[in-house]
Amino acid sequence: MLDNSVILVTGGTGSFGKCFIENIFKEYSPKKVIVYSRDEYKQFKMKNKFAKILSPEQQDKLRFFIGDVRDKERLYRAFKGVDYVVHAAAMKQVPACEYNPFEAIKTNIHGAQNIVDAALDRGIKKVVALSTDKAVNPINLYGGTKLVSDKLFISAGAYSGENGTVFSIVRYGNVAGSRGSVIPYFKNILEQGSKELPITDMRMTRFWITLEEGVNLVLKALKESKGGETYISKIPSFKISDLAKAMCKDCTIKEIGIREGEKLHEVMITKDDSRSTYEYDKHYIIYPQFDWWSASRCFAEGGKRIEEGFEYSSGDNCQWLDVNEIRERLSQLNIEY
């Protein structure tokens, strides 16, 4: 499906974009892959990095397009001739969104609407948008903007028609080892010689997902989505206190209090969503609850409807990593600062 196709990734210079594009060139033979982002220096660094790992023929297929998702005209130009779009661009830092709410809304909400409009008008085959656990029962502005973004992409199917653009969502939390997450934060503290690690709340849990697992879920959505689905991986949970023990056996753990906008647990599926959620071998799919979708009933094969009232939370997951398992997984990570 992705062979001889044109793929565009918004926010393509980020951790996800780099991993996704490297995977595309390893597994497929695309006609062209376009990185759409607003930072020319990050594009310069990425181009130099990929010059070392791609063949000359593959390098000719990798293009860099300066642009912002806020700029609808630029998106229309960039989307010309594109088959598939992966929307990874967003303002993601919770404090930055809290302090700059208008800017977060422009990027995460208005930008999402621009993607929808450009995709529909340019005849894009499929769009997969990256979501976050923070969009579920949001308690901070970042989560609120991503909730609205998710709703825009799901509702966009009403404008597509039977043969129009297919929109779907992939939802996961912080990627293990990614820039700005807890693992590099702890690692930096330890490298400075400290023997004390701060934890906001000893009860805190998170899901463990790697960048590669996130990429694979996006590829599944690109291949299988019919329109309006939200894809969620089945992944293990871990306690932040166990992570601290795994990273430093002899460290003291200091509880410092939960921060504004921070949750004790990551929630991917709410009890209300359970009514339209199906379970598969390695993932869940939340299906739309609209008349336009109900008429088609495009359920993926092999799924089983989950019980009403089910909630998929890192706090009461059925899969858990202990300290030794976390330590083993840490040894395999490429940690970003």
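Note that the sequence shown covers residues 24 to 360 in the numbering used here. Ideal Cβ positions, reconstructed from N, Cα and C, are used throughout, including at glycine. Predicted model, so just to flag it, every value in this text is computed and none were measured.
Run of the alpha helix (DSSP H) containing residue i, from where it starts to where it stops
i: S178; result: 164-178
i: F313; result: Per DSSP, F313 belongs to no alpha helix (DSSP H) and is neither H nor E.
i: Y208; result: 205-214
i: A113; result: Segment: none, A113 is in no alpha helix (DSSP H) and carries neither H nor E.
i: P124; result: 124-128
i: Y99; result: 95-101
i: S349; result: The displayed chain sequence assigns Ile, not Ser, to residue 349. First-last of the alpha helix (DSSP H) with I349: 346-353.
i: E247; result: 234-247
Spatially closest choice to residue i from the options, by CA coordinates
i: N334; options: N160, V139, G35, F39; result: It should be pointed out that residue 334 corresponds to Glu in this sequence rather than to Asn. The shortest C-alpha separation from E334 is found at N160.
i: V171; options: G332, F39, C341, A152; result: A152
i: W315; options: S183, R145, K148, Q66; result: S183
i: S78; options: A101, I57, Y59, S52; result: S52
i: E63; options: V56, R86, I44, C42; result: R86
i: K327; options: N347, D304, W343, F313; result: D304
i: G332; options: Y99, T300, I358; result: T300
i: S38; options: K55, K72, T130, N27; result: K72
i: F313; options: I177, I358, K49, K157; result: I177
i: E45; options: S60, R61, Q82; result: Q82
i: M372; options: G325, T275, I147; result: Only positions 24 to 360 of the chain appear in the structure, and residue 372 is not among them; the question remains open.
i: Q355; options: G280, I206, Q342; result: I206
i: I47; options: L31, S60, R100; result: L31
i: A181; options: Y195, D140, A158; result: D140
i: V29; options: V117, K149, L213, S217; result: K149
i: T33; options: K84, P221, F43; result: F43
i: K277; options: I89, V189, T223; result: T223
i: T228; options: R202, Y195, G216, L266; result: L266
i: I212; options: G250, E50, C271; result: C271
i: K129; options: K103, I162, D91; result: D91
i: K65; options: A179, I89, N123; result: I89
i: G35; options: K268, V58, F125, K54; result: V58
i: A323; options: F67, E252, S60; result: E252
i: Q342; options: L234, K257, N123; result: K257
i: A142; options: K70, V117, M69, G187; result: G187
i: H193; options: Y122, D173, I162, A179; result: The question names His, but residue 193 in the sequence shown is Val. Ranking Y122, D173, I162, A179 by Cα distance to V193 puts D173 first.
i: I162; options: E80, G203, K54, E283; result: E283
Supposed close pair residue i, residue j - CB separation, criterion 8 Å
i: K115; j: Y165; result: 7 Å
i: V108; j: I138; result: 7 Å
i: K169; j: S191; result: No, K169 and S191 are not in contact; Cβ-Cβ is about 15 Å, not under 8 Å.
i: Y310; j: I255; result: Y310 to I255, Cβ: 12 Å. No contact.
i: A127; j: C120; result: 4 Å
i: W231; j: L353; result: With 8 Å as the limit, W231 and L353 do not qualify as a contact, their Cβ atoms being about 10 Å apart.
i: G134; j: R100; result: That pair is no contact at about 16 Å.
i: V105; j: R145; result: 7 Å
i: G250; j: C321; result: 7 Å
i: G200; j: N27; result: Between N27 and G200 the Cβ distance is about 34 Å, and since that is not below 8 Å, they are no contact.
i: L234; j: V198; result: 5 Å
i: M69; j: K246; result: With a Cβ gap of about 25 Å, M69 and K246 do not count as contacting.
i: G196; j: D156; result: 4 Å
Three-state class that DSSP yields for residue i in the structure shown
i: L25; result: coil
i: P79; result: helix
i: I281; result: coil
i: S256; result: strand
i: I276; result: strand
i: R145; result: helix
i: H133; result: helix
i: I363; result: Examination of residue 363 is not possible in this model, given that the chain is present from 24 through 360 alone.
i: A152; result: strand
i: M291; result: strand
i: Y51; result: coil
i: I358; result: coil
i: V198; result: coil
i: K286; result: coil
i: I329; result: coil
i: S299; result: helix
i: F230; result: strand
i: S336; result: strand
Endpoints, the beta strand (DSSP E) within which residue i is located
i: S260; result: 260-262
i: F87; result: 85-89
i: S60; result: 55-60
i: I222; result: 219-222
i: V189; result: 189-195
i: T36; result: First-last for T36: undefined, no H or E at that position.
Near the ligand HEM: residue i beta-carbon under 7 Å from a heavy atom
i: F190; result: This structure lacks the ligand HEM; in fact it carries no ligand of any kind.
Q. At a cut of 8 Å, does the stretch 334-343 reach the stretch 285-297 through at least three beta carbon pairs?
A. Judged by Cβ distances under 8 Å, the stretch 334-343 makes contact with the stretch 285-297, as three or more pairs qualify.
**Q.** Cβ pair count under 8 Å reaching 3, the stretch 251-266 against the stretch 339-356
**A.** Contact between the stretch 251-266 and the stretch 339-356 is present, with at least three C-beta pairs closer than 8 Å.
(Q) For the pair the stretch 231-245 and the stretch 291-298, tell me if three or more CB-CB distances fall below 8 Å. (A) The stretch 291-298 and the stretch 231-245 do not touch, with fewer than three beta-carbon pairs separated by less than 8 Å.
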